[in-house]
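> Numbered by UniProt numbering, the letters in the sequence shown go through residues 1 to 176 in order. Positions of the beta carbon are idealized from the N, C-alpha and C atoms, including for glycine.
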Amino acid sequence: MPSQPSLRPFDIAVALRLVLVPEDRYEPLANALATSTSAVHRAVARLQQAGLCGVGTRTVNKEALREFLVHGVRYTFPPVHGPERTGLPTAGAHPALAASLGDQAGPRLVWPSEGGTTRGESLTPLFTGMTRVAQRDSRMHELLATVDLLRVGSDAQREAASALLARQITGDLSAN
Numbered sequence: 001m002p003s004q005p006s007l008r009p010f011d012i013a014v015a016l017r018l019v020l021v022p023e024d025r026y027e028p029l030a031n032a033l034a035t036s037t038s039a040v041h042r043a044v045a046r047l048q049q050a051g052l053c054g055v056g057t058r059t060v061n062k063e064a065l066r067e068f069l070v071h072g073v074r075y076t077f078p079p080v081h082g083p084e085r086t087g088l089p090t091a092g093a094h095p096a097l098a099a100s101l102g103d104q105a106g107p108r109l110v111w112p113s114e115g116g117t118t119r120g121e122s123l124t125p126l127f128t129g130m131t132r133v134a135q136r137d138s139r140m141h142e143l144l145a146t147v148d149l150l151r152v153g154s155d156a157q158r159e160a161a162s163a164l165l166a167r168q169i170t171g172d173l174s175a176n
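Here it is in structure tokens:
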């Protein structure tokens, strides 16, 4: 009997990278995400099974991805908080998100990282290598921080993150 396929946290990063660079082939995609080509192949297969990528393609179903991230990611991959550390800012502490949230930015959260410069409550990254990806690619850093805000934020923060995510992944500049 076949096992029930299920998404893994890394799959979210693969989907987000494919939103940013839709034509990415497996090898450059793996390099951008600091992983192996076979890990990316498996992630794309899981995304296809979940309906987040087209069957037989690497084309992301952007609306389905947005819906999953807004309504399901916090339950599927609940946040794991830790002690205060130095790291890379995430959620409302990310500069772009903090600017749009203003007074509602919330606590300063960071992904622990030796290369980080921000001190705050640590939040375990969704996948190994996430801090390397964020340090290499500011767009991925912002997208992953937005996903974290959807995982940890208050209702008001999540609403703001949802609107930002709509603009980031669907290109809908009219989203509130």
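#1: What is the C-beta distance between Leu65 and Asp11, in whole angstroms, given that I count them as a contact (C-beta under 8 Å)?
#2: For Ser30 and Val14, what's the separation of their Cα atoms in angstroms?
#3: Just mark Pro78 as buried or exposed, buried being the case when its beta carbon has 16 or more other beta carbons within 10 Å.
#4: Smallest Cα separation from Leu97: which of Arg25, Pro5, Ala45 and Leu143?
#5: Could you say which of Leu20, Leu16, Val40 and Ala34 lies nearest to Tyr26 if we only look at CA atoms?
#6: Which two residues bound the contiguous alpha helix (DSSP H) that contains Pro28?
#7: For Leu69, I'd like the list of residues in its chain whose CB is within less than 7 Å of its CB, leaving aside the five on either flank, ordered along the chain.
#8: Measuring alpha carbon to alpha carbon, tell me which residue in Ser6, Arg17, Arg8 and Thr35 is nearest Gly129.
#9: Quick check on the burial criterion: 16 or more other C-beta atoms within 10 angstroms. Buried or exposed for Gly51?
Inspection of the coordinates gives the following:
#1: Their Cβ separation, rounded to whole angstroms, is 10 Å, which puts Leu65 and Asp11 out of contact at 8 Å.
#2: The residue asked about is misnamed: residue 30 is Ala in this sequence, not Ser. Roughly 9 Å between the two C-alpha positions.
#3: exposed
#4: Leu143
#5: Val40
#6: Tyr26 to Ala32
#7: Val147, Leu150 and Leu165
#8: Thr35
#9: exposed
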